[in-house]
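Asker: Below are the structure tokens for one structure; questions will follow.
There are 2 protein chains.
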Amino acid sequence: MTATIKDIAQAACVSRATVSRVLNNSGYVKEETKQKILKIMDELDYIPSDIAKSLSTSKTNTIGVIVPEISNPFFGELIKGISEIATQHDLNIILFDTNNNGDKELKALEILQKQRIQGIILTPTMTESKKNYDYLVKLNNIGIPIVLADGHVKYSNLSGAFIDHVKGGYDATEALIKCGHEKIAIITGSTNSRPAQERLKGYKNALQFYNIPINYDYIFYSDYEYESAYEISKQILEYNDRPTAIFASSNTMVLGCIKALNEYKLRIPEDMSIIGFDKVDVLNIIGMNISFVDGPSLEVGKIVMKMLIEILDNKDNKEIKTVGLSTNLVLKGSEKCLL
Amino acid sequence: MTATIKDIAQAACVSRATVSRVLNNSGYVKEETKQKILKIMDELDYIPSDIAKSLSTSKTNTIGVIVPEISNPFFGELIKGISEIATQHDLNIILFDTNNNGDKELKALEILQKQRIQGIILTPTMTESKKNYDYLVKLNNIGIPIVLADGHVKYSNLSGAFIDHVKGGYDATEALIKCGHEKIAIITGSTNSRPAQERLKGYKNALQFYNIPINYDYIFYSDYEYESAYEISKQILEYNDRPTAIFASSNTMVLGCIKALNEYKLRIPEDMSIIGFDKVDVLNIIGMNISFVDGPSLEVGKIVMKMLIEILDNKDNKEIKTVGLSTNLVLKGSEKCLL
DNA sequence: GTGAAAGCGCTAACAT
DNA sequence: ATGTTAGCGCTTTCAC
């Protein structure tokens, strides 16, 4: 087995307390004995046990991160942001991918509790409906600081950083309107997704502001998957009164939309204008210029991590904080100007 | 603070040992007392400490996973595969993204050692050159089972599962040859990447087998980034004796290649045939049919995890195992038939 | 400056 | 079927 603090102490003819002191650079220890101890540590390939330290100090210096889907680049960026700040503060990350599965999310929370991690950053998978009782009870009584990353949990009141999806939806729609479009379809996420609801609201707000009547035949509910967006897009293209523009309000759904357009041999933007939501790197790389609303995922990651650290440094302050983040409209020319 | 096993024992008027027994379903305990204890655990919101358990049992049931770049879908899939098997065996995962940074990789190894994790799955970032001495020493003396996931480490001898990149390169090149191409360019990864070397070797082997002389002007060294692949592709397109096909041997590099072709208004495959390496989901989704060599990333993940579990279950057996995995050529029509 | 000793929360012989 | 007890490897208060 590996050497323990006891072995080091014996070999150096000092007490374990002294070894512990040099380990943590705490308290006084004569330079000479310090050097001796360090030398012996090296010789014996000593590696301190974080487990024992955690048990002793009641601090694990580890946080849990729970996301619905790692492979979605939005969360990849989010994690990168979290990771960057965490590393700066010597915090480790235990990561859980729930695969959009609420039960896995609950399970993850339970594991993290047992692991005695210091805090949790969570993007919940069940944002609205599904009033899973066990889940809410767990979340509200978990006794570990939680910060939400761009995902609300109904019936609970937690700190977090949230992207302004209403503004994002508004901006995208407004951009199309300003190009002269009036027949604008939206493919939105499922009704129990709050971001989806908000993006839709932004869409409606923009239309109202510009006095364009809302045509409910132009509002399509998808499920964030490209397949359904593809089917819906085909449906849109078959319309008698075909829209001139489509706001495909997620990075996956815009792909389904593009696929449908390709199949119908329709060009972007000559034959159909489109705007997406969230960046799709590959499209930009290959030079396919699709305008989109950019959600600051990396920044959200950094901010939530900073918020969590502040909470950890300031345990007594139980106040709930909420940070709003604005989206950024990136126009690449996939919206045709009709004026 | 949270309740401990001691609190439960006192409240239930039993010893801590008995509580521990119901906790682990081990040994005998009367149904009646068991129920009483469970009830009290529930009332007191008892959550056992994995930390204390780990210290006591010298088992953390946690493994470390180190990858060079989470956002690359290849590693996303890999992690999914690992995760799936790990969950089945109640193993937790601590994830490290080294961002292709060798120092971070070394740091990750050190943290994992201190965390007393049971084993490591590693895709090293520094496959060939950079004979970082500290790193090798660490790797060879770490005292924790390591399984490599499709990445070799020179001067070390570790178990792992590896994709047959030679065959992948061969298959791609052969497919082009069989379509009648003779002037085939390859954009390969950096010379210190073993997979890149192997893919190149496959390319050469195929040419030789079909008696096509190797033209070293057609071999281009990139760095796995799309930008350089883009620059190289433009260079290729400017050639007097322009190749009729390009084998862009990674998922990022094929994008740079496509970008260049788009800029030159060249159609695939009418004006240029291309084959990539590793799948790019987005391309398939939007209906852009690019042929590619598919590396079984998900399967690699599952296999390495299973290998690691076997090692953990069988500590005395120190034999080094190596599993080879074949690639799969997926033809989508981006190679024009000249015959 | 350094040591002794108790304790963090749990497990696992060994007793009974 | 249950209790006793000695650890696991480290920190930390209080003495000296």
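If you're matching them up, the sequences are chains Y and D in order. If you read the first sequence in my numbering, its first letter stands for residue 0, the second for the next number, and so on. If you read the second sequence in my numbering, its first letter stands for residue 0, the second for the next number, and so on. Cβ atoms here follow ideal geometry from the backbone N, Cα and C, with glycine treated the same way.
1. What's the gap between the Cα of D:Tyr215 and the Cα of D:Leu206?
2. At which residue ranges does the segment 69 to 146 of chain Y contain complete alpha helix (DSSP H) runs of 4 or more residues, listed in the order of the chain?
3. Since D:Asn288 and Y:Ile110 are thought to touch, with beta carbons under 8 Å apart, how far apart are those beta carbons, to the nearest angstrom?
4. Who are the neighbours of D:Pro144 on chain Y, taking C-beta pairs under 7 Å?
5. At least one CB of chain Y closer than 7 Å to the CB of D:Gly286: is that the case?
6. What residues of chain D sit near Y:Arg15, judged by a beta carbon separation below 7 Å?
7. Looking at the structure shown, is Y:Thr59 part of a helix, part of a strand, or coil, going by DSSP?
8. Classify Y:Val13 as buried or exposed, calling it buried when 16 or more other Cβ atoms lie within 10 Å of its own Cβ.
9. Y:Pro268 and Y:Ile183 - do their beta-carbons sit closer together than 7 Å?
10. Helix or strand or just coil, what does DSSP make of Y:Met333?
11. What does a CB cutoff of less than 8 Å around Y:Ile145 pick up in its chain, not counting 5 residues either side in sequence?
12. What residues are listed by DSSP as bridge partners for Y:Leu236?
13. Starting from the beta carbon of D:Glu262, find every residue of chain Y whose beta carbon is closer than 9 Å, and list them in chain order.
14. Is there at least one Cβ from chain Y nearer than 7 Å to D:Ile257's Cβ?
15. Going by DSSP, which residues form a beta bridge with Y:Leu328?
16. Cβ-heavy atom distance between Y:Ile7 and the ligand ATP below 6 Å?
17. What is the C-beta distance between Y:Gly168 and Y:Ile116, in whole angstroms, given that I count them as a contact (C-beta under 8 Å)?
18. Below 8 Å on the Cβ atoms is my guess for D:Ile39 versus D:Ile7; work out the distance and round it to an integer in Å.
19. Any contact between the segment 56 to 74 of chain D and the segment 20 to 36 of chain D? By contact I mean 3 or more CB pairs, one from each, below 8 Å.
20. Please name the residue in Y:Gly80, Y:Leu311, Y:Gly75 and Y:Ser221 whose C-alpha comes closest to that of Y:Leu301.
21. Tell me where the beta strand (DSSP E) around D:Tyr202 begins and ends.
22. Can we say the segment 279 to 298 of chain Y touches the segment 217 to 230 of chain Y, given the rule of at least three CB pairs closer than 8 Å?
23. Under the DSSP definition of a beta bridge, which residues are partnered with D:Ser249?
24. For the segment 27 to 46 of chain D, which residues have a CB atom closer than 9 Å to at least one CB atom of chain Y, in sequence order?
25. On the three-state DSSP scale, how would you describe D:Ile162?
26. Please compile the residues from chain D whose C-beta is within a distance smaller than 8 Å of the C-beta of Y:Val299.
27. Going by alpha carbons, who is nearest to Y:Tyr209 out of Y:Thr172, Y:Tyr229, Y:Asp44 and Y:Arg20?
28. In chain Y, what lies closer than 7 Å to D:Ile110 by C-beta?
29. Quick check: the segment 98 to 114 of chain Y against the segment 70 to 87 of chain Y, are at least 3 beta-carbon pairs closer than 8 Å?
30. Which chain Y residues are close to D:Gly332, counting only those with a beta carbon under 8 Å from its beta carbon?
31. Decide if Y:Lys258 is buried, meaning its Cβ has at least 16 other Cβ atoms within 10 Å, or exposed.
32. Can you pull the chain D residues whose beta carbon is under 7 Å from the beta carbon of Y:Gln234, in chain order?
33. Mind checking if Y:Tyr223 is an interface residue toward chain D, Cβ cutoff 7 Å exclusive?
34. Quick check: the Cα distance between Y:Ile374 and D:Val253, rounded to an integer number of angstroms?
35. Between the Cα of D:Lys166 and those of D:Glu230, D:Val279 and D:Tyr202, spot the shortest distance and give me the residue it belongs to.
36. According to a CB-to-CB cut-off of less than 8 Å, which residues of the segment 64 to 95 of chain Y neighbour chain D?
Answerer: Taking the definition as stated:
1. The residue labelled residue 215 of chain D in the question sits at position 216 within the second sequence. The residue labelled residue 206 of chain D in the question sits at position 207 within the second sequence. Rounded to the nearest angstrom, the two C-alpha atoms are 12 Å apart.
2. 72 to 87, 101 to 113 and 132 to 140
3. Counting from 1 along the second sequence, the entry for residue 288 of chain D is found at position 289. Counting from 1 along the first sequence, the entry for residue 110 of chain Y is found at position 111. Actually they are not in contact, since the Cβ atoms of D:Asn288 and Y:Ile110 sit about 42 Å apart, beyond 8 Å.
4. If you number the second sequence from 1, residue 144 of chain D lands on position 145. Per Cβ cutoff of 7 Å: no residues; D:Pro144 is ~15 Å from chain Y at best.
5. The residue labelled residue 286 of chain D in the question sits at position 287 within the second sequence. Cβ-Cβ to chain Y under 7 Å: yes for D:Gly286.
6. Residue mapping note: residue 15 of chain Y aligns to position 16 of the first sequence, counting from 1. Simply none; closest approach about 16 Å.
7. Mapped onto the first sequence, residue 59 of chain Y falls at position 60. Note: Y:Thr59 maps to coil in three-state DSSP.
8. Within the first sequence, numbered from 1, the residue matching residue 13 of chain Y stands at position 14. Buried, since its Cβ has 16 or more Cβ neighbours within 10 Å.
9. On the first sequence, position 184 is the one that residue 183 of chain Y refers to. On the first sequence, position 269 is the one that residue 268 of chain Y refers to. Going by C-beta atoms, Y:Ile183 is not nearer than 7 Å to Y:Pro268.
10. Locating residue 333 of chain Y in the first sequence gives position 334, counting from the first residue. Position check: residue 333 of chain Y holds Ser in this sequence, whereas Met was assumed. Here Y:Ser333 sits in coil by DSSP.
11. For the purposes of this step, residue 145 of chain Y is taken as residue 146 along the first sequence, with counting starting at 1. Same-chain partners within the cutoff: Gly118, Ile119, Ile120, Leu121, Leu138, Leu157 and Ser158.
12. Translated into positions along the first sequence, residue 236 of chain Y becomes position 237. In the DSSP output, where bridge partners are listed per residue, Y:Leu236 has none listed.
13. Indexing the second sequence from 1 puts residue 262 of chain D at position 263. Here the neighbours are Gly286.
14. The residue given as residue 257 of chain D occupies position 258 in the second sequence. Cβ-Cβ to chain Y under 7 Å: yes for D:Ile257.
15. Position 329 of the first sequence, counting from 1, holds the residue named residue 328 of chain Y. For Y:Leu328, which the question treats as bridged, DSSP gives the partners Y:Val292.
16. Within the structure as shown, the ligand ATP is missing, as the structure has no ligands at all.
17. Mapped onto the first sequence, residue 168 of chain Y falls at position 169. Mapped onto the first sequence, residue 116 of chain Y falls at position 117. In fact, because the Cβ distance is near 35 Å, the residues do not count as touching under 8 Å.
18. Counting from 1 along the second sequence, the entry for residue 39 of chain D is found at position 40. Counting from 1 along the second sequence, the entry for residue 7 of chain D is found at position 8. Indeed, because the Cβ distance is near 6 Å, the residues count as touching under 8 Å.
19. no
20. Locating residue 301 of chain Y in the first sequence gives position 302, where the first residue counts as 1. A quick correction: the sequence has Lys, not Leu, at residue 301 of chain Y. Of the listed residues, the one whose Cα sits closest to Y:Lys301 is Y:Gly80.
21. Along the second sequence, read from residue 1 onward, the residue named residue 202 of chain D stands at position 203. Element bounds for D:Tyr202: not the beta strand (DSSP E) but the alpha helix (DSSP H), Arg193 to Phe208.
22. no
23. Residue 249 of chain D sits at position 250 when you count from the first residue of the second sequence. According to DSSP, D:Ser249 bridges with nothing at all.
24. Asp44 and Ile46
25. Translated into the one-based positions of the second sequence, residue 162 of chain D becomes position 163. Of the three classes helix, strand and coil, the one that applies to D:Ile162 here is strand, per DSSP.
26. As a working mapping, residue 299 of chain Y is identified with position 300 in the first sequence. Residues of chain D passing the Cβ test: none, with the nearest at roughly 16 Å.
27. Position 210 of the first sequence holds residue 209 of chain Y. When each option's Cα is compared against that of Y:Tyr209, the closest is Y:Thr172.
28. One-based indexing of the second sequence puts residue 110 of chain D at position 111. Those within 7 Å of D:Ile110 in chain Y are Asn91.
29. no
30. Translated into positions along the second sequence, residue 332 of chain D becomes position 333. Simply none; closest approach about 14 Å.
31. As a position in the first sequence, residue 258 of chain Y is number 259, starting the count at 1. Its Cβ being crowded by 16 or more others within 10 Å, Y:Lys258 is buried.
32. Translated into the one-based positions of the first sequence, residue 234 of chain Y becomes position 235. The contacting residues do not exist; Y:Gln234 stays about 17 Å from chain D at best.
33. Start at 1 with the first residue of the first sequence, and residue 223 of chain Y comes out as number 224. Judged by the 7 Å Cβ criterion, Y:Tyr223 is not in contact with chain D.
34. Residue 374 of chain Y lies beyond the range of chain Y shown here (0 to 338); nothing can be said about it.
35. Start at 1 with the first residue of the second sequence, and residue 166 of chain D comes out as number 167. Minimum Cα distance to D:Lys166 is reached at D:Tyr202.
36. Ile69, Ser70, Pro72, Gly75, Glu76, Ile78, Lys79, Ser82, Asn91, Ile92, Ile93 and Leu94
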